[in-house]
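Only one structure is covered here, and it is reproduced in the block below.
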Amino acid sequence: MRKNKGVLAATLALSMVLTACGSGEYVGDAADYPEQDLEWTIAFGPGGGNDIMARVLVDILQQENLYPHNIAVENRQGGSGAIGWGYLLSNSGDPYHASTTSGSFLTTPLQADTGWTYADFTLVGQLATDDSVFAVQSGNGIDSWREWTEFAKKQGTVTVGGIGTVNVDFIVHALLADQVGYEVDYVPFDEEGQLQTALTSGALQAITSNPAEIAGQIDAGRMTGLLFTGSEPLNRFPEIPTAESQGFTNMVSMPRGLILPPNVPPEIRDWWVRTMRKAVRDPRWQDYLDKNDLTRNEVWGEQFRKELGQTAERFQAILRKHGAI
Amino acid sequence: MELFGNLLDGIGGVVTPINLMLLASGVLLGMVVGVMPGLGPSAGLAILLPLTFGLDPTGAIVMLAAVYYGAMYGGTITSVLINTPGESATVASTFDGYPLARQGRAAPALVMAAIASFVAGTVGAILISVAAPPTAALAANFGPPELFLVVVLGLLTLIVVVGKNRLLGAVSVLLGFLLATVGIDIGGGEQRYTFGSTQLINGIDFIPVAIGLFGIGEILLTLYRGGHLERLRYFKVGARSRRFWPTRKDFGESRGAIARGSVLGFFVGATPGAGATVASLMSYSVEKSVSRTPEKFGKGAMPGLAGPEAANNAASSGAMVPLLTLGIPGSASTAVLLAAFLMWGLQPGPLLMDQEPELAWGLIGSMYLGNIMLVVLNIFCIPLFASMAKVPFRILGPIVIVLCTLGTFSVHGSIVEVGIMFACGVLGFVMRLYGLSPAALVIALVLGPLAEQTLRQSMIISGGSFDVFLSRPVSLVLLCVIPLIAMLPMISKLTRNRLARKRATESPTPTGRH
Numbered sequence: 001m002r003k004n005k006g007v008l009a010a011t012l013a014l015s016m017v018l019t020a021c022g023s024g025e026y027v028g029d030a031a032d033y034p035e036q037d038l039e040w041t042i043a044f045g046p047g048g049g050n051d052i053m054a055r056v057l058v059d060i061l062q063q064e065n066l067y068p069h070n071i072a073v074e075n076r077q078g079g080s081g082a083i084g085w086g087y088l089l090s091n092s093g094d095p096y097h098a099s100t101t102s103g104s105f106l107t108t109p110l111q112a113d114t115g116w117t118y119a120d121f122t123l124v125g126q127l128a129t130d131d132s133v134f135a136v137q138s139g140n141g142i143d144s145w146r147e148w149t150e151f152a153k154k155q156g157t158v159t160v161g162g163i164g165t166v167n168v169d170f171i172v173h174a175l176l177a178d179q180v181g182y183e184v185d186y187v188p189f190d191e192e193g194q195l196q197t198a199l200t201s202g203a204l205q206a207i208t209s210n211p212a213e214i215a216g217q218i219d220a221g222r223m224t225g226l227l228f229t230g231s232e233p234l235n236r237f238p239e240i241p242t243a244e245s246q247g248f249t250n251m252v253s254m255p256r257g258l259i260l261p262p263n264v265p266p267e268i269r270d271w272w273v274r275t276m277r278k279a280v281r282d283p284r285w286q287d288y289l290d291k292n293d294l295t296r297n298e299v300w301g302e303q304f305r306k307e308l309g310q311t312a313e314r315f316q317a318i319l320r321k322h323g324a325i
Numbered sequence: 001m002e003l004f005g006n007l008l009d010g011i012g013g014v015v016t017p018i019n020l021m022l023l024a025s026g027v028l029l030g031m032v033v034g035v036m037p038g039l040g041p042s043a044g045l046a047i048l049l050p051l052t053f054g055l056d057p058t059g060a061i062v063m064l065a066a067v068y069y070g071a072m073y074g075g076t077i078t079s080v081l082i083n084t085p086g087e088s089a090t091v092a093s094t095f096d097g098y099p100l101a102r103q104g105r106a107a108p109a110l111v112m113a114a115i116a117s118f119v120a121g122t123v124g125a126i127l128i129s130v131a132a133p134p135t136a137a138l139a140a141n142f143g144p145p146e147l148f149l150v151v152v153l154g155l156l157t158l159i160v161v162v163g164k165n166r167l168l169g170a171v172s173v174l175l176g177f178l179l180a181t182v183g184i185d186i187g188g189g190e191q192r193y194t195f196g197s198t199q200l201i202n203g204i205d206f207i208p209v210a211i212g213l214f215g216i217g218e219i220l221l222t223l224y225r226g227g228h229l230e231r232l233r234y235f236k237v238g239a240r241s242r243r244f245w246p247t248r249k250d251f252g253e254s255r256g257a258i259a260r261g262s263v264l265g266f267f268v269g270a271t272p273g274a275g276a277t278v279a280s281l282m283s284y285s286v287e288k289s290v291s292r293t294p295e296k297f298g299k300g301a302m303p304g305l306a307g308p309e310a311a312n313n314a315a316s317s318g319a320m321v322p323l324l325t326l327g328i329p330g331s332a333s334t335a336v337l338l339a340a341f342l343m344w345g346l347q348p349g350p351l352l353m354d355q356e357p358e359l360a361w362g363l364i365g366s367m368y369l370g371n372i373m374l375v376v377l378n379i380f381c382i383p384l385f386a387s388m389a390k391v392p393f394r395i396l397g398p399i400v401i402v403l404c405t406l407g408t409f410s411v412h413g414s415i416v417e418v419g420i421m422f423a424c425g426v427l428g429f430v431m432r433l434y435g436l437s438p439a440a441l442v443i444a445l446v447l448g449p450l451a452e453q454t455l456r457q458s459m460i461i462s463g464g465s466f467d468v469f470l471s472r473p474v475s476l477v478l479l480c481v482i483p484l485i486a487m488l489p490m491i492s493k494l495t496r497n498r499l500a501r502k503r504a505t506e507s508p509t510p511t512g513r514h
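Sequences listed follow chains A and B, in order.
When we follow full-length UniProt numbering, the leftmost residue of the first sequence carries the number 1, and every step to the right adds one.
When we follow full-length UniProt numbering, the leftmost residue of the second sequence carries the number 1, and every step to the right adds one.
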C-alpha cells in the first residue's frame, strides 16, 4: 500500500516535470509548420472592432489557403482584453495560437495588473493604425483648427470629451493642449452615443472620435472635423488637415497587429510575417480598411517590437504627467 | 394618411414569402435565446448576427428585428415563469408576473404581456412616423446633466418598489451601490475593490447578479419553505380553455396601464443610456401610484405586469429614433444594430433616413411585423411554456439551475461570473428570508454606476457647480418633473382617500337602479 503510494507520487511528480517541460517550448520542426489547426483568440466580444478585423483576416487566410489547416475563432472577452491576451500568454510556446491587437493591448497593462505587457508576446507585425478625428459642433463659428486654437487659448480652459481615461483619446487631447498652450477639462465617457450627444447638447466643446463612428455626423453637417491624427488625410474627408500638417510631429495612434504566444521560435514568426504580407495584399483587406477608415501602416517583426515599445513609453509618460495613472 | 406612407411602404417592402419565413424563424430563434436566463436582446442579436451575413440587407434587417422582439419576449417568459429577468429592462416584469404564475395564472399573464407588447409596438411604430424629428431633436439635447436626472427619475422609483419596508429597502439599495463600485473607476482610472483580479476590472455585471438573486434565490427559498413537497394543483391550459385568456377584469384594469406604459416607454426609451430599464420601472411605479388597489401590486396585479411590458417594448421603438435619425445608439441592442449597419456598408448618421429610406423604414416595418408574428406564434407557444407550471419542482428546480448556469456562462464565457451568480443565489435567499429586496439591489446595481458617471461628468463640465442643472433648458424641465413624480404616490393616496370617503358617504343612499 505504502509502496503503491510512493509509485503514484513518483509518477505524478514525473508527469508534472514533463508537463512543465512541455509548456514554453515548441518541440516540432519549424520547417514543417503549419501542421495543425490554429486557435485564433479574439480578446473582445462579437461585433466589435477587433472582432470584425480578426474575422476579415481569418476569412482571407482560409479562402486564399494561406493557412492550410482550419482556423477556429474564439471570443474570449473581459477585462478590456486582459482575459483573452492572458489566455494567449498561458499558451506560451504553442505556435498554433494567434490573436489580433488593438489599443487596449498597450493601455490595459498600464491600468491593471494583467501579468503581461506587449513585450511578453511573439510579435508578428502591425497591419494598420486607428487614428482619431478631432471634432466640434457645427454652426458655432469654429470651422478650422486655427479658429479652434484661438478660441481655446482665449478661453484658457476648454471642456473636451473622449472614450475612457487611460485611452488614446485622453492622450490626444493632452498632447494637443500641451503643444498649443491651453488647458483641458477632460470628460471620460464609456459609450460613443453618449459622447456624441454630449457634444450636440452643448455640454462639451470638442471631442475626439473614430472617423467611421463620426462620419455620419460630419456628412450631415452637424459636426465639423478640425484635425485628423493619421499621417495621411482621410479618403472620405480630404479637407480635414492632418495633425502633422498643422505642426504636430509626434501624434499617437493605436496599433492593430497580429501576435503569437510568448516563446514561439523566430522561424515560425517569420513564416507568419511572410504569410501576412500576402494576406494584406488581398483586396478584401483594403476594402475593410476603407470601410472602417483605418490607416494602412505595415511594420513587421523586430521593428514592430521597437515601435510598440516607444508608443507604450510615450503613453505612460503622458498619462503619468496628467495624473491618469 | 401621407404621414404613414413611409411606414406602410416599409411594411410593404418586407412582405415577401421568404421574408415572412425569416421573420417567423427569427422570432422563434430569438425566443429560444431569450428564454435562456441571462441572454437578452443585445446578447441574442450579437449571437445571431453572423446568421444574417449570408442574407441581403433587407432580409438581414427583417431577421434581426425579429430576433430582437423574440429575445425580448423570451426574457419576459423567464421573468414570469421562473422569476429570472434576462436583462435589466424586464426586472419590473418579475414583480407581478411571477406572483401571477404562482397563482396558476401563468398563461393569462403571458398572453397579457404579449398583448401589451403588441399594443406598445403599434403605438411605437405610429410615434416613430409622427414624432421622430422632434424626439430626435430632444435626444440630441441630452448631455450628462440630463442623463443624470433621467437616472435619478429611475432611482426614485425605488421608493415605490421598496414600499413600506423603508429601512430594509435602503439596506438593499446600498448593497446594490456597493457591488456597483467594483471595477475601474471611469473618472480617475483607479481600480476599486478588484483585489488585483483582471476578471473584475470591468466591474460586476448585472446578469450574473440578477440570475443569482432571482433565479437561484427563488429555488433555495422554495426548498427552504418545503415547496418541493407540495402537491401541485393540476390544471389544463390550452388556447381554447377559459383559463388561458386574461379575464375581462384583467383587460379593464390593464387598459390604462398599457396606454400609459406605451407613451412613457417611447419617450424615455429615446434617451440614450438606461432608457428601457428606467421606462419599465417608471411605468410600474406610476401604475402602482394611480391604482385603486395598490396593495395588490407585488402579489399578482395584472396592470403591474402589463404597464412595464408595454413600456419596455415601446422603449425599444423609442431607441430606434436616435439610431435612425441621429446615428447614435441609445442602448446595447441598438449598438449591435449599428455595428450591423456598418457591416452592410451603410453609414449610420443623420442622413441615413434620407439616403436609405427603404432600409430605415424596412427596419421599422419589420419590427412591427415582428410584433404581430410574436402575438400569433405565442397563441400556440404559450400553452407549452405555461405547462411548465405543471412540472413538479423536483424536476423543474434542477433544470432551472442548469439553465441559469449555462445562461450565465454563455454571455461572456466566464466561469468567474458563474461563481458570482451562485454567490448571489445564496445572497438572494438570505435577503428574501430577512425581508430585504433583491429587486432594489439590482436596480441600484444598474442605475448606480450610470448616476455616478453622469454626475461626475456633469461636475467636470461645470467645474463643480450645480448650476449646470439649472442653466440647461431640458435639465430644468426634468428638474421640475422630479418632485412631481416623487410626490405622485402621496397625491394619489390623498385622492384615493377622498374618493373612498365620498363613496362612504354616498353608499347609505343606494341609487335607484335595480
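All C-beta atoms, glycine included, are put in the ideal place defined by N, C-alpha and C.
Simplified DSSP assignment, three categories, for residue i
{"i": "F248 of chain A", "result": "coil"}
{"i": "F151 of chain A", "result": "helix"}
{"i": "D270 of chain A", "result": "helix"}
{"i": "Y193 of chain B", "result": "coil"}
{"i": "N313 of chain B", "result": "helix"}
{"i": "W285 of chain A", "result": "helix"}
{"i": "R256 of chain A", "result": "strand"}
{"i": "A89 of chain B", "result": "helix"}
{"i": "V136 of chain A", "result": "strand"}
{"i": "S99 of chain A", "result": "strand"}
{"i": "V158 of chain A", "result": "strand"}
{"i": "S231 of chain A", "result": "coil"}
Residue closest to residue i, alpha-carbon to alpha-carbon, out of the options
{"i": "L447 of chain B", "options": "B:T157, B:G40, B:L138", "result": "B:T157"}
{"i": "Q137 of chain A", "options": "A:G301, A:D282, A:L226, A:S90", "result": "A:L226"}
{"i": "A335 of chain B", "options": "A:P34, A:G45, A:T41, A:Q36", "result": "A:G45"}
{"i": "A324 of chain A", "options": "A:Y33, A:V166, A:I142", "result": "A:V166"}
{"i": "V209 of chain B", "options": "B:L470, B:T408, B:P473, B:N497", "result": "B:T408"}
{"i": "D290 of chain A", "options": "A:A31, A:D130, A:Y67, A:E39", "result": "A:D130"}
{"i": "V62 of chain B", "options": "B:F95, B:T16, B:L100, B:I216", "result": "B:T16"}
{"i": "L308 of chain A", "options": "A:T242, A:G257, A:I163, A:E39", "result": "A:G257"}
{"i": "G413 of chain B", "options": "A:P188, A:D29, A:I42, A:A31", "result": "A:I42"}
{"i": "A340 of chain B", "options": "B:G34, B:I420, B:L45", "result": "B:L45"}
{"i": "G163 of chain B", "options": "B:L427, B:S437, B:Y368, B:A276", "result": "B:S437"}
{"i": "V111 of chain B", "options": "B:V402, B:I379, B:L450, B:P398", "result": "B:I379"}
Paired residues, beta bridge with residue i - DSSP
{"i": "A72 of chain A", "result": "A:E39"}
{"i": "W300 of chain A", "result": "A:G125"}
{"i": "I163 of chain A", "result": "A:F189"}
{"i": "T114 of chain A", "result": "Answer is none; T114 of chain A lacks a bridge partner."}
Residue i versus residue j: straight-line alpha-carbon distance, rounded
{"i": "D9 of chain B", "j": "L363 of chain B", "result": "11 Å"}
{"i": "N250 of chain A", "j": "E244 of chain A", "result": "8 Å"}
{"i": "V124 of chain A", "j": "M254 of chain A", "result": "16 Å"}
{"i": "S92 of chain A", "j": "L149 of chain B", "result": "50 Å"}
{"i": "N141 of chain B", "j": "L396 of chain B", "result": "49 Å"}
{"i": "A89 of chain B", "j": "F206 of chain B", "result": "11 Å"}
{"i": "Q355 of chain B", "j": "W361 of chain B", "result": "11 Å"}
{"i": "E191 of chain A", "j": "L127 of chain A", "result": "26 Å"}
{"i": "A257 of chain B", "j": "T78 of chain B", "result": "22 Å"}
{"i": "R320 of chain A", "j": "E313 of chain A", "result": "10 Å"}
{"i": "N75 of chain A", "j": "Y87 of chain A", "result": "11 Å"}
Buried versus exposed call for residue i [16 or more other C-beta atoms within 10 Å across all chains shown]
{"i": "Y224 of chain B", "result": "exposed"}
{"i": "H69 of chain A", "result": "exposed"}
{"i": "E218 of chain B", "result": "buried"}
{"i": "T197 of chain A", "result": "buried"}
{"i": "R274 of chain A", "result": "exposed"}
{"i": "L374 of chain B", "result": "buried"}
{"i": "D113 of chain A", "result": "exposed"}
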